[in-house]
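Peer 1: Below is one structure. I have some questions about it.
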Amino acid sequence: MFTHIKTSKANRELVSKLTRKLNLGTENHIARIALTYSLSKDRKMDLSNIKDSGGKEYSKNVLFGNYMPFYVSLICVHYNIYKTDKDIPKYIKMHIDDGLELINEELNENPNLDGFEYVIDKIENGLTKII
Numbered sequence: 028m029f030t031h032i033k034t035s036k037a038n039r040e041l042v043s044k045l046t047r048k049l050n051l052g053t054e055n056h057i058a059r060i061a062l063t064y065s066l067s068k069d070r071k072m073d074l075s076n077i078k079d080s081g082g083k084e085y086s087k088n089v090l091f092g093n094y095m096p097f098y099v100s101l102i103c104v105h106y107n108i109y110k111t112d113k114d115i116p117k118y119i120k121m122h123i124d125d126g127l128e129l130i131n132e133e134l135n136e137n138p139n140l141d142g143f144e145y146v147i148d149k150i151e152n153g154l155t156k157i158i
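Counting in the numbering used here, the sequence shown runs from 28 upward without gaps.
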């Protein structure tokens, strides 16, 4: 399917900054959070608007670990596509880039927020939506 994903050049520094700021582990954790946060916004990405790939590179094993089928499934359900669709890596890349930018905007608005508080807030908001 694919071997690696690269963020945009603009997000190369951003992923490092967010990793340091949130202190939730390695950069791949922030990328996973960014991907799922972007998907949670229920927006569909337009492939014609894909950004460059000059940023941080993740192998599929580093990015997803043993959970790749779950992340691919999230993309498939969101876009109503099959797991072998050739555009899955592009959608993953676009949602990671989008999520990094969304997280950065929120942290700029609330600079005292730490990683644990940030994640708990997102979980609580998600639970409120389903209750």
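Glycine included, every Cβ here is placed at the ideal spot set by N, Cα and C.
#1: Who does His31 pair with in a DSSP beta bridge?
#2: Taking the continuous alpha helix (DSSP H) assigned at Arg39, which residues delimit it?
#3: From the DSSP output, in three-state form, read off Asp79 for me.
#4: Where does Asp114 fall in DSSP's three states?
#5: Using 8 angstroms as the cut-off, can you tell me whether the segment 53–66 makes contact with the segment 74–89, which would need three or more C-beta pairs spanning the two stretches below that distance?
#6: At what residues does the alpha helix (DSSP H) containing Leu101 begin and finish?
#7: Going along the chain, which residues of its own chain have a beta-carbon closer than 7 angstroms to the beta-carbon of Val99, five neighbours each way excluded?
#8: Is Leu62 near His105, with beta carbons less than 8 angstroms apart?
Peer 2: Answer, in terms of the structure:
#1: Residue pairing by DSSP places His31 opposite Ser86 in a beta bridge.
#2: Counted as a single uninterrupted DSSP element, the alpha helix (DSSP H) harbouring Arg39 occupies residues Lys36 to Leu49.
#3: If DSSP states are grouped into helix, strand and coil, Asp79 belongs with coil.
#4: In this structure, DSSP gives Asp114 a state outside helix and strand, which the three-state scheme calls coil.
#5: Cβ pair count under 8 angstroms is three or more, so yes.
#6: Met95 to Tyr106 is the extent of the alpha helix (DSSP H) around Leu101.
#7: Around Val99: Lys110 and Ile115.
#8: Between Leu62 and His105, the C-beta spacing is not below 8 angstroms.
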